[in-house]
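If you read the sequence shown in our numbering, its first letter stands for residue 74, the second for the next number, and so on. Built from N, CA and C at the ideal position, the CB exists for glycine as well. Please read all numbers here as calculations on a predicted model, not as lab measurements. Please read the structure below before turning to the comments.
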Amino acid sequence: MKHWYSHLWVVTALTQAAFNAARMLVSYRALGLGGDGVALGIITALFSLLPLVVAVHVGRAVDNGHPAGMLRSGVLLTVGALLVIALSGDLVWLGVGNALFGFGQILVVVASQGFVPMLSKPEELDRKFAGWTLAVSIGQTAGLPVAGIVSSASSTSGEGVSTTAAVLALAALVALALPSAFLMPAVGATTGGAASEGTAQSVGTMLGIPGMRPAVFSSLVVLTSIDVLSAFLPVLGEEYGFSVLLVTVLLMIRTGSSVVSRAFLPTLLRVVSRRWLLLSATLCSALPMALLPLAHQPVLMAVLLVIVGFFWGIGQPLTMTWVVTLVSQRSRASALSLRLTGNRLGQVLVPLGAGAIAGVTGVGSVFVVTGALLWASSGFTWRAVRGQRER
């Protein structure tokens with residue numbers, strides 16, 4: 074039991090390496106199979122379709138004492154989904170593999186997040202969530218060079234980007250997480266005292282709590298923006314003549330910046346109020362995101378991605394603490410899964426809209442619209458937190 078956080082860190086870092094890098098590879102594979110912006114939007118949305126339906130049910134299962142089972146199932150399903158993607162020979166099978174990949178991801182993420190409030194003291198939540206999201210960022214940063222280097226090494230000049238070997242490498246990486254997943258403790262619904270207090274709350278009740286909807290929307294917009302960046306930066310990069318390795322480096326810069334902000338989040342919370350940090354996640358990333366299509370030079374694009382990544386890194390752990398402190402302790406995993414359901418709703422609708430926009434007005438407009446969404450979200454966040462006392 075005492076090593077649970079270390080094992081959770083290992084599982085999170087290894088699986089997130091695959092979750093992040095595979096999104097880029099799926100985009101290149103879709104383009105290689107003849108897909109356009111619309112097809113890419115549909116395939117990207119499929120990643121979030123099953124999670125949209127099952128996220129709250131998975132959260133209830135975690136609250137009822139099955140986080141370890143959900144975590145192990147998710148890791149196994151993720152390995153299988155990556156194999157389907159690696160072997161896909163057309164857009165249909167690529168979409169099927171990406172849908173299964175999203176299902177595996179929601180199992181892993183809901184279970185992982187559920188362990189934190191179940192096994193942590195209330196005063197440890199900010200620090201533990203910051204540490205968990207730091208593992209997310211480190212994994213995302215590490216996965217991209219693995220994918221980029223293997224893909225570049227296996228690609229033949231004049232034949233486009235080869236993705237099969239890179240996806241198989243990611244499957245092997247996730248398989249390394251299995252020992253730690255099976256060493257996670259079997260936490261019962263009454264384990265740890267704090268996790269069992271209060272009564273289970275319905276989705277409607279949770280959504281009716283003041284602050285819940287702005288918290289979900291803020292998280293939705295940030296995570297959807299990350300997905301849009303991962304899916305459409307390769308397309309923008311191809312338009313600008315960027316190599317797959319250069320696009321990989323640019324995405325690594327974004328995730329690396331999130332690593333820095335999450336590593337220093339406990340320090341930031343001591344000198345800056347929580348409400349200003351929550352607001353900065355969307356407000357300070359809106360303009361840099363919208364300006365990306367104008368950054369034809371890689372150096373300028375890298376500067377914008379540093380800013381975007383830093384503030385996105387702040388937002389995710391703080392919205393996790395925000396939602397779990399709004400509900401009863403018996404509904405914390407359910408609240409986190411409700412937050413993820415909102416994320417997945419955005420990840421279904423926004424890529425579809427982004428694909429349609431890209432098909433009509435060009436891929437650059439996708440980043441402008443996403444920047445506008447971030448700016449709008451900051452307004453909702455401000456309305457929710459402006460009455461909070463400075464800390």
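What's the C-alpha gap between residue i and residue j?
i, j, result
"residue 208", "residue 253", "14 angstroms"
"residue 242", "residue 219", "8 angstroms"
"residue 431", "residue 129", "32 angstroms"
"residue 444", "residue 389", "17 angstroms"
"residue 399", "residue 225", "46 angstroms"
"residue 205", "residue 79", "10 angstroms"
"residue 93", "residue 320", "13 angstroms"
"residue 147", "residue 373", "38 angstroms"
"residue 326", "residue 285", "31 angstroms"
"residue 131", "residue 280", "18 angstroms"
"residue 203", "residue 182", "15 angstroms"
"residue 86", "residue 195", "24 angstroms"
"residue 317", "residue 221", "7 angstroms"
"residue 370", "residue 215", "24 angstroms"
"residue 343", "residue 350", "11 angstroms"
"residue 90", "residue 454", "30 angstroms"
"residue 81", "residue 144", "10 angstroms"
"residue 403", "residue 375", "43 angstroms"
"residue 171", "residue 125", "14 angstroms"
"residue 101", "residue 401", "43 angstroms"
"residue 120", "residue 138", "27 angstroms"
"residue 302", "residue 333", "19 angstroms"
"residue 197", "residue 84", "20 angstroms"
"residue 268", "residue 193", "The predicted position of residue 268 is uncertain, since its pLDDT is 40 and thus under 50; a value taken from the coordinates is nonetheless stated next. Rounded to the nearest angstrom, the two C-alpha atoms are 9 angstroms apart."
"residue 264", "residue 311", "Confidence is the limiting factor: at residue 264 the pLDDT is only 45, short of 50, which leaves the residue's position unreliable, though a coordinate-based value still follows. If you take the alpha carbons of residue 264 and residue 311, they lie about 51 angstroms apart."
"residue 191", "residue 153", "29 angstroms"
"residue 88", "residue 201", "18 angstroms"
"residue 151", "residue 249", "12 angstroms"
"residue 446", "residue 347", "22 angstroms"
Do residue i and residue j have their C-beta atoms within less than 9 angstroms of each other?
i, j, result
"residue 293", "residue 419", "yes"
"residue 238", "residue 227", "yes"
"residue 451", "residue 356", "yes"
"residue 337", "residue 358", "no"
"residue 427", "residue 304", "yes"
"residue 105", "residue 234", "yes"
"residue 175", "residue 122", "yes"
"residue 449", "residue 133", "no"
"residue 421", "residue 118", "yes"
"residue 288", "residue 142", "no"
"residue 103", "residue 167", "yes"
"residue 429", "residue 177", "no"
"residue 322", "residue 95", "no"
Assign residue i to buried or exposed, taking buried as 16 or more other Cβ atoms, counted over all protein chains shown, within 10 Å of its Cβ.
i, result
"residue 212", "buried"
"residue 236", "buried"
"residue 274", "buried"
"residue 353", "buried"
"residue 140", "buried"
"residue 335", "buried"
"residue 283", "exposed"
"residue 308", "buried"
"residue 255", "exposed"
"residue 459", "exposed"
"residue 456", "exposed"
"residue 340", "exposed"
"residue 423", "buried"
"residue 434", "exposed"
"residue 386", "buried"
"residue 107", "exposed"
"residue 277", "exposed"
On the premise that residue j lies in contact with residue i, defined as a C-beta separation below 8 angstroms, what is that separation, rounded to the nearest angstrom?
i, j, result
"residue 72", "residue 394", "Examination of residue 72 is not possible in this model, given that the chain is present from 74 through 464 alone."
"residue 155", "residue 99", "Actually they are not in contact, since the Cβ atoms of residue 155 and residue 99 sit about 10 angstroms apart, beyond 8 angstroms."
"residue 217", "residue 328", "7 angstroms"
"residue 157", "residue 165", "So it is not a contact: roughly 11 angstroms between Cβ atoms."
"residue 97", "residue 324", "6 angstroms"
"residue 291", "residue 392", "6 angstroms"
"residue 362", "residue 77", "Incorrect: roughly 36 angstroms between the Cβ atoms, too far for contact."
"residue 127", "residue 179", "7 angstroms"
Contact criterion: CB-CB distance below 9 angstroms. Does residue i meet it with respect to chain C?
i, result
"residue 398", "Included in the structure is just one protein chain, with no chain C present."
Would the segment 186-199 and the segment 297-313 be scored as touching if the rule is three or more Cβ pairs under 8 angstroms? no
If we count Cβ pairs, one from each stretch, closer than 8 angstroms, do we get three or more for the segment 436-449 versus the segment 357-372? yes
Is the segment 406-417 touching the segment 109-116, taking contact as three or more C-beta pairs under 8 angstroms? no
Do the segment 377-396 and the segment 146-163 make contact, defined as three or more Cβ pairs closer than 8 angstroms? no
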